[in-house]
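Undergrad: Going by full-length UniProt numbering, the letters in the sequence shown line up with residues 1 to 384, in that order.
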Amino acid sequence: MTQAVRHDSMRARNLGVVLGEVRRSGPITRAALAEITGLTKTTVSKMVGDLIEAGMVAESGALRDGERGRPGTAVALSGRRVAALGLEINVDYLSACVVDLTLAVRLRYTQAVDNRRASPVETLSHLEELAHRAVEEARGEGLSIAGSTLAVPGPVDGGLVHAAPNLGWHDVRVSDLLGFPVELDNEANLAALGELWFGSVPGDFLHVSGEIGVGAGLVVGGTLFRGARGLAGELGHVVVSPDGPACRCGGRGCLEQYAGQDALLRAAGLAGVPELLAHLQAGERGSLEACQRAGQALGVALTSAVHLMDPGTIVLGGVFAPLFPWIRDPAHETMTSRLGVMRRAVPELTVSRLGGDAATLGAAGQVIHRVIANPWSHLATTRP
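#1: Tell me, which residues are paired with His-170 by DSSP?
#2: Under 8 angstroms, do Val-214 and Ala-259 count as touching if we go by C-beta distance?
#3: The beta strand (DSSP E) with Ala-263 in it runs from where to where?
#4: Have a look at Asn-374 and Gln-261 and give me their C-alpha separation to the nearest angstrom.
#5: Taking the beta strand (DSSP E) that residue 433 falls in, what are its first and last residues?
#6: Verify whether the separation of the beta carbon atoms of Ala-84 and Ile-145 is less than 8 angstroms.
#7: On the three-state DSSP scale, how would you describe Gly-61?
#8: Are Leu-94 and Val-121 touching if we call contact CB-CB under 8 angstroms?
#9: Within the continuous beta strand (DSSP E) that includes Phe-324, where are the two ends?
#10: How about Ala-188 and Gly-217: do their beta carbons lie closer than 8 angstroms?
#11: Taking just the CA atoms, how far does Ile-314 sit from Glu-183?
#12: Per DSSP, which residues does Ala-228 bridge with? Please list them.
#13: Do you know how far the Cα of His-332 is from the Cα of Val-174?
#14: Look up Asn-186 in the DSSP assignment and give the residues it is bridged to.
#15: Under three-state DSSP, which class holds Arg-13?
#16: Just to confirm, are Ala-74 and Gly-61 a CB contact at a threshold of 8 angstroms?
#17: DSSP beta-bridge partners for Gly-355?
#18: Please report how far the alpha carbon of Gly-158 lies from the alpha carbon of Gly-72, in whole angstroms.
#19: Taking just the CA atoms, how far does Leu-235 sit from Arg-252?
#20: Assess, as a yes-or-no matter, whether the region 322 to 331 is touched by the region 162 to 171 under the definition of 3 or more beta carbon pairs within less than 8 angstroms.
#21: Look up Cys-247 in the DSSP assignment and give the residues it is bridged to.
#22: Quick check: what's the CA-CA separation for Glu-275 versus Gln-366?
#23: From Gly-233 to Val-239, what does the alpha carbon distance come to, in whole angstroms?
#24: Is the Cβ-Cβ distance between Leu-127 and Ile-89 less than 8 angstroms?
#25: Quick check: what's the CA-CA separation for Met-1 versus Met-10?
#26: What separation, rounded to the nearest whole angstrom, lies between the Cα atoms of Val-319 and Val-273?
#27: When we look at the beta-carbon of Gln-281 and count the other beta-carbons within 10 Å, is it buried (16 or more) or exposed?
#28: Roughly how many angstroms separate the alpha carbons of Glu-141 and Leu-101, rounded to a whole number?
#29: Below 8 angstroms on the Cβ atoms is my contact criterion, and I expect Ser-352 with Gly-199 to pass it. Report the Cβ-Cβ distance as a whole number of Å.
#30: Leaving out the 5 sequence neighbours to the left and right, which residues in its chain are closer than 6 angstroms to Val-17 when beta-carbon positions are compared?
#31: Would you identify the three-state DSSP class for Ala-138, choosing helix, strand or coil?
#32: Beta-carbon separation of Ala-297 and Ala-191 under 8 angstroms?
#33: Just to confirm the assignment, what range does the beta strand (DSSP E) spanning Gly-317 have?
#34: Is DSSP giving Leu-101 helix, strand or coil here?
#35: What would DSSP say about Glu-284, mapped onto helix, strand or coil?
#36: Let me make sure I understand the geometry here. Which of Leu-87, Val-99 and Gly-154 has the alpha-carbon closest to that of Leu-124?
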């Protein structure tokens, strides 16, 4: 029994090594895989056969191994069978997306809904309907869902949402209220991972997710920094004015009260982001001033983030993406004036290519990366 356990454990590890190398280097021949991984050609061929049968890789044609080598049949990741479900609950919408093993987005849904006026049971019931719709459509395309991750706007620990003040949630255990298994993570963390895997920002960066609240995720060396308890990144509750307005977190003068979506719309006297954008494009003074103040407050909070974490790039996402032309300059000018005193360089401020889709994509991408790291546990469920 001990030998069998060791054999299965080693085979599982080697499958992950082979599939990971196909992802990094593919299309690649079996001979090249054997050379790179140090496994025998027989072992590699058997594992590639298993991965082909499971629909995780596919043969992609002849490829020459070196200048003198005979052409071999190359394999590459396949998106025809294995997929992941990414989900998000935010204050004013629900969203779902399905991403295949090659990180291609196969389908995406967004449903506008005011989750502040709903109980956790009601919100999760609506989310379950959206998830089932996405899964059924994915199955219609021949895809098998390997897992799902849910992004929520609050700190998470062991499947428990400690507090999501903008939703009115406290100590909600999502798994007790959903009819299917799901991993849980903070929206800002997953948005940062979405930017890492689906965006175009290289190196180390800080992703700032502007929604009703304001969160952040720090990527260092291609890895998300979570903090000692997984609660890092609550940028929205960095104090920018100690005598400022009261915040839902119990403090005063938090960034969220100046640059969060609700705060911005309140300052501009408008009802929604599309209306705000129309007023900004028309040069309406009140809207321009609201964005000016929000950008300045954001610059104050980002200055603190730069002193603490020294990111190479700061990516503005969520609602900050469409508002980027109007908040970038005040944020950059504030950072420049404050960091210049210490002779510190101002990181590049750039806009997210993913906007409000970053967290949902990061949620699905997290599942895909787990499958690639450990394909063994998914072989039985993905075979025809």
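C-beta: ideal position from N, C-alpha, C; glycine also.
TA: In this structure, then:
#1: Ala-163
#2: yes
#3: Premise fails: Ala-263 lies in the alpha helix (DSSP H), 261 to 268, not in any beta strand (DSSP E).
#4: 39 angstroms
#5: For residue 433 there is no data in the structure shown, the boundaries of the chain being 1 and 384.
#6: Contact flag set, yes.
#7: strand
#8: When the beta-carbon positions are compared, Leu-94 and Val-121 stay at least 8 angstroms from each other.
#9: From DSSP, Phe-324 is part of no beta strand (DSSP E) but of the alpha helix (DSSP H) over 324 to 340.
#10: yes
#11: Approximately 27 angstroms between the Cα atoms of the pair.
#12: Answer by DSSP bridge pairing: none, since Ala-228 is not bridged.
#13: 39 angstroms
#14: Beta-bridge pairing links Asn-186 to Val-152.
#15: helix
#16: yes
#17: For Gly-355, DSSP assigns no beta-bridge partner whatsoever.
#18: 46 angstroms
#19: 14 angstroms
#20: no
#21: In DSSP, Cys-247 forms no bridge with anything.
#22: Their backbone Cα atoms lie some 34 angstroms apart in a straight line.
#23: 14 angstroms
#24: yes
#25: Low local confidence applies: a pLDDT of 35 at Met-1 is under 50, so the model's placement there is unreliable, and no value is given.
#26: 8 angstroms
#27: exposed
#28: 14 angstroms
#29: Rounded, the Cβ-Cβ distance is 6 angstroms, consistent with contact.
#30: Thr-37
#31: helix
#32: Not closer than 8 angstroms, so no.
#33: 313 to 318
#34: Leu-101: coil per DSSP, three-state reduction.
#35: coil
#36: Minimum Cα distance to Leu-124 is reached at Leu-87.
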